[in-house]
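Colleague: Residue numbers (the UniProt record's numbering): 1 to 270. Virtual Cβ for every residue (Gly too), placed ideally from N, Cα, C. First, the structure itself, so that you have it in front of you.
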Amino acid sequence: MIAQYPSYQQLYDWPKTLGAQVDYWHIKEENNWLPQIEELRRLVKSNTKLICLNNAAQPTGAIMSPKFLSEVVEIARSVDAYILCDEVYLPLDEETPYSPIADLYEKGISTNSISKTYSVPGIRVGWVATQDRDLCNEFRKIRDYTLICTGVFDDAVASLVLKHKDKVLERARKIVKSNLSILKEWVENEPLVSMVYPNAVSVSFVKFEELDPTKTEDFAIQLLREKGVLIIPGNRFDLPGYARIGYCTDETTLRQGLKLLSEFLREYQV
Ligand SMILES: Cc1ncc(COP(=O)(O)O)c(C=O)c1O
1 MIAQYPSYQQ LYDWPKTLGA QVDYWHIKEE NNWLPQIEEL RRLVKSNTKL
51 ICLNNAAQPT GAIMSPKFLS EVVEIARSVD AYILCDEVYL PLDEETPYSP
101 IADLYEKGIS TNSISKTYSV PGIRVGWVAT QDRDLCNEFR KIRDYTLICT
151 GVFDDAVASL VLKHKDKVLE RARKIVKSNL SILKEWVENE PLVSMVYPNA
201 VSVSFVKFEE LDPTKTEDFA IQLLREKGVL IIPGNRFDLP GYARIGYCTD
251 ETTLRQGLKL LSEFLREYQV
């Protein structure tokens, strides 16, 4: 199989655990954190069974457009491979062109849940969508052996959330929109960082311009200890020198956290 890399670790380490040979399709900062189609053409083999994507991507928030995905579909179709796309970070605005892979490809598998875009991570409900009915039956069998069924309470809350999804998404949209503009203002006024901005999703990935990349984890731990600010060091995504910033907290906390991060960027290594 071929996996977009780095992204959500489970998407390539689970198949490895199950014995699959996994080739990485690398994302590139200079390409707005997207991988390149030419590289996929080089990676794909006649025995490729699966191409695994994450759209929008963790940790960068990068989105593959329907046009980009249609090129991936064409490559997958040429070797009859499935495409599995983890879509938990659906973009929140309507302007960003977006399409679930299950709509674009007869062997496309979309996975999603209510934990990210719908902001209800405590309720453990997700779903799989595919046009392939035989595959759906395989999924049902596996679910019978693993979960049997969803918890009744989780099921009820998830149904309520999805029933009112317009209101839920409207709230999330407002938070992402206003907090992203605060984050952008900070990045533009902070010479020690830069960022390829995410598209209407709640994760962002910052680059520390002057930090020694080998110190990324130490920096994050010291930042937490000394300032109480939590970021995810990029080395944990195999991208040292960067960090994931979840910016969808309340406005006061976000502003205070960014201020403290700026302070610490100056204090560290002095
Ligand atoms: C890209 C991605 N996919 C899936 C998950 C897991 O989602 P859930 O909590 O709904 O199982 C996460 C959680 O961080 C994620 O970032």
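Using the Cβ count rule (16 or more neighbours within 10 Å means buried), how would you classify residue 59?
Modeller: The residue is buried, with at least 16 neighbouring Cβ atoms inside 10 Å.
Colleague: Compare the beta carbon distance of residue 54 and residue 18 with 8 Å and say whether it is the shorter of the two.
Modeller: Their beta carbons are not under 8 Å apart, which means residue 54 does not touch residue 18 by this criterion.
Colleague: Figure out for me which residue from 32, 85, 167 and 161 has the closest Cα to the Cα of residue 130.
Modeller: It is 85.
Colleague: Do residue 198 and residue 204 come within 8 Å of each other at the CB atom, strictly closer than that value?
Modeller: Result yes, Cβ atoms of residue 204 and residue 198 sit closer than 8 Å.
Colleague: Cβ of residue 86 versus every heavy atom of ligand 1: is any distance shorter than 7 Å?
Modeller: Yes, the Cβ of residue 86 comes within 7 Å of a heavy atom of ligand 1.
Colleague: Spatial neighbours of residue 207 within its chain, please: C-beta separation below 7 Å, excluding the five flanking residues on both sides.
Modeller: Excluding sequence neighbours, residue 207 sits near 193, 194, 195, 241 and 242.
Colleague: Apply the 10 Å Cβ neighbour rule to residue 244 and answer buried if 16 or more other Cβ atoms are within range, or exposed otherwise.
Modeller: When all chains shown are included, residue 244 counts as buried.
Colleague: Count the other CB atoms within 10 Å of the CB of residue 179; is the residue buried (16 or more) or exposed (fewer)?
Modeller: Counting Cβ neighbours within 10 Å, residue 179 comes out buried, since at least 16 surround it.
Colleague: Which of the three DSSP states, helix, strand or coil, is assigned to residue 2?
Modeller: In this structure, residue 2 counts as strand in the three-state DSSP scheme.
Colleague: When you compare each of 238, 209 and 22 to residue 191 by their alpha carbons, which one comes out closest?
Modeller: It is 209.
Colleague: State yes or no: is the C-beta of residue 100 nearer than 7 Å to some heavy atom of ligand 1?
Modeller: Residue 100: no, Cβ never under 7 Å from ligand 1.
Colleague: Ligand 1 and residue 8: does the residue's C-beta get closer than 7 Å to at least one heavy atom of that ligand?
Modeller: It does: the Cβ of residue 8 is within 7 Å (strictly closer) of some heavy atom of ligand 1.
Colleague: Using three-state DSSP, classify residue 142 as helix, strand or coil.
Modeller: It is helical.
Colleague: Per DSSP, residue 208 forms a beta bridge with which residues?
Modeller: Per DSSP, 193.
Colleague: With DSSP as the reference, label residue 129 as helix, strand or coil.
Modeller: Three-state result, residue 129: strand.
Colleague: Using the beta-carbon count (16 or more within 10 Å), is residue 188 buried or exposed?
Modeller: Flag for residue 188 reads exposed.
Colleague: Please indicate yes or no: does the CB of residue 126 lie closer than 7 Å to some heavy atom of ligand 1?
Modeller: Checking every heavy atom of ligand 1 against the Cβ of residue 126, one is found closer than 7 Å.
Colleague: Confirm the yes/no value for this check: CB of residue 4, any heavy atom of ligand 1, distance under 7 Å.
Modeller: Flag unset: Cβ of residue 4 not near ligand 1.
Colleague: Sorry if obvious, but does the Cβ on residue 121 come closer than 7 Å to a heavy atom of ligand 1?
Modeller: Under cutoff, so the answer is yes.
Colleague: Does the separation of the CB atoms of residue 132 and residue 167 fall below 8 Å?
Modeller: No, these two residues do not count as a Cβ contact at 8 Å.
Colleague: Return yes when the C-beta of residue 269 is under 7 Å from any heavy atom of ligand 1, and no when it is not.
Modeller: Incorrect: residue 269 has no Cβ contact closer than 7 Å to ligand 1.
Colleague: Give me the Cα-Cα distance between residue 83 and residue 67, rounded to the nearest whole angstrom.
Modeller: When rounded, the distance between both Cα atoms is 15 Å.
Colleague: Work out the CA separation of residue 88 and residue 120 for me, nearest whole Å.
Modeller: When rounded, the distance between both Cα atoms is 12 Å.
Colleague: Tell me which residues share the same chain as residue 238 and place their Cβ nearer than 6 Å to its Cβ, disregarding the 5 neighbours each side in the sequence.
Modeller: These residues qualify, in order along the chain: 6.
Colleague: Cβ atoms of residue 114 and residue 128: under 8 Å apart, would you say?
Modeller: Cβ distance not < 8 Å, so residue 128 and residue 114 don't count as in contact.
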